[in-house]
Ligand SMILES: *Cc1c(COP(=O)(O)O)cnc(C)c1O
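In my numbering, the protein residues as written are 2 to 377.
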């Protein structure tokens, strides 16, 4: 980066946060957080003020996901990575199958592989930038899917595998999908996520929409083998049912997640946010297709994520340099996922982001690329 490039004000997005998590938190949510000051933050999570807030959040999430009868919303501390350990201990009976097509889906399978009380997981992989198809097998008691592979920008539809063994569970890592992509919850048994992506809140909390079958499984496993208390799903569920958590939760996250959920619900819920994300991501892909210096990384349009747009750049446009120029202008966290190792930007189009800001971001990238090429 030899010279600084100053993007003209009228091209700049009003908010420069396009990262894939932690991601943009809406200003209205922050105002509500500050307003909640002395009466909510800093008060006991064992008292009605906070318990009512947790109840309201669980109800709002239930409404957002249109949960079928018997499904419940559980939450606790630790984020998605922590939930993987919970799943290893509390939800996989003996053997799981994992569709692996990026960093996050791979990590969960590695957690399972290390557990000596489980059989080696079955791993079904595909080329980076695609997703594999499920391989239904009678011995598999748990299928591990990922709705949106945030590291590559590939998404897959969530359907129960046809012909799976009786009682087999479908666990879905929905960390970056939940809230931004339509899902039929009855097609899975645990749809788990953390709220620092589509739900415009902070890290450190996990949520799971769980089916009666998943609850039954967790109850049975805790009778069969030792589970550390913090990894015992049923323990967390019982606390959630009482609108509390085993240990102190993040009150900030309870409030911020509720704010985003209610904002989406007021505008039509899942249908609203799905449409909004699709419109924004379509803009990004169309833009990339029309440029000689950019191409969508995912070649099959059917697999292109509506919330994580991965865009490859021409060789002469080094994404790290482009990223630095954008960052210097307040546009942050669009650099591609480091371990994927491509000359790539990754642009989040989560619900909290304004469609107009996506247009401005693209105009800003055009501006910087033009300067990089013509003023090297
Ligand atoms: C961000 C992300 C994770 C990790 O979430 P943490 O809350 O940081 O543990 C896992 N899976 C997917 C798909 C993600 O996007």
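Using N, Cα and C, we set each Cβ at its ideal position, and we do this for glycine too.
Remember, it's a predicted structure, so these values are computed and weren't measured experimentally.
Supposed contact pair residue j and residue i - C-beta distance, whole angstroms, cut 8 Å
i, j, result
"residue 147", "residue 173", "7 Å"
"residue 285", "residue 348", "6 Å"
"residue 97", "residue 166", "That belief does not hold up - the Cβ atoms of residue 97 and residue 166 are roughly 12 Å apart, past 8 Å."
"residue 321", "residue 336", "7 Å"
"residue 308", "residue 195", "No, residue 308 and residue 195 are not in contact; Cβ-Cβ is about 14 Å, not under 8 Å."
"residue 323", "residue 281", "With a Cβ gap of about 20 Å, residue 323 and residue 281 do not count as contacting."
"residue 250", "residue 46", "6 Å"
"residue 74", "residue 99", "So it is not a contact: roughly 25 Å between Cβ atoms."
"residue 131", "residue 301", "7 Å"
"residue 200", "residue 182", "Not confirmed; about 13 Å, so no contact."
"residue 344", "residue 319", "7 Å"
"residue 64", "residue 266", "6 Å"
Proximity test, residue i beta-carbon vs ligand 1 heavy atom, cut-off 6 Å
i, result
"residue 191", "no"
"residue 261", "no"
"residue 177", "yes"
"residue 158", "no"
"residue 19", "no"
"residue 105", "yes"
"residue 249", "no"
"residue 289", "no"
"residue 174", "yes"
"residue 230", "no"
"residue 246", "no"
"residue 80", "yes"
"residue 153", "no"
"residue 202", "no"
"residue 145", "no"
"residue 337", "no"
"residue 22", "yes"
"residue 195", "yes"
Spatial distance of residue i from residue j (CA atoms)
i, j, result
"residue 264", "residue 333", "24 Å"
"residue 101", "residue 44", "42 Å"
"residue 346", "residue 314", "8 Å"
"residue 276", "residue 225", "45 Å"
"residue 180", "residue 37", "24 Å"
"residue 61", "residue 259", "7 Å"
"residue 223", "residue 91", "7 Å"
"residue 138", "residue 298", "32 Å"
"residue 127", "residue 338", "18 Å"
"residue 216", "residue 359", "41 Å"
"residue 283", "residue 150", "18 Å"
"residue 93", "residue 32", "41 Å"
"residue 252", "residue 369", "40 Å"
"residue 18", "residue 87", "31 Å"
"residue 27", "residue 140", "45 Å"
"residue 142", "residue 164", "12 Å"
"residue 269", "residue 305", "24 Å"
"residue 67", "residue 175", "16 Å"
"residue 303", "residue 50", "45 Å"
"residue 330", "residue 153", "26 Å"
"residue 54", "residue 22", "24 Å"
"residue 274", "residue 352", "6 Å"
"residue 4", "residue 316", "20 Å"
"residue 121", "residue 6", "52 Å"
"residue 278", "residue 218", "34 Å"
"residue 328", "residue 375", "20 Å"
"residue 287", "residue 366", "14 Å"
"residue 9", "residue 161", "50 Å"
"residue 113", "residue 340", "21 Å"
"residue 95", "residue 213", "19 Å"
"residue 70", "residue 25", "33 Å"
"residue 169", "residue 198", "29 Å"
C-beta neighbour in chain D for residue i, strict 7 Å
i, result
"residue 345", "Of the protein chains in the structure, only one exists, and it is not chain D."
Is there contact here, the stretch 98 to 117 with the stretch 221 to 229, by at least three beta-carbon pairs under 8 Å? no
Would you call the stretch 115 to 133 and the stretch 238 to 247 in contact, with 3 or more CB pairs under 8 Å? no
Is there contact here, the stretch 2 to 16 with the stretch 189 to 199, by at least three beta-carbon pairs under 8 Å? no
So, does the stretch 196 to 211 touch the stretch 78 to 89, judging by three or more C-beta pairs under 8 Å? yes
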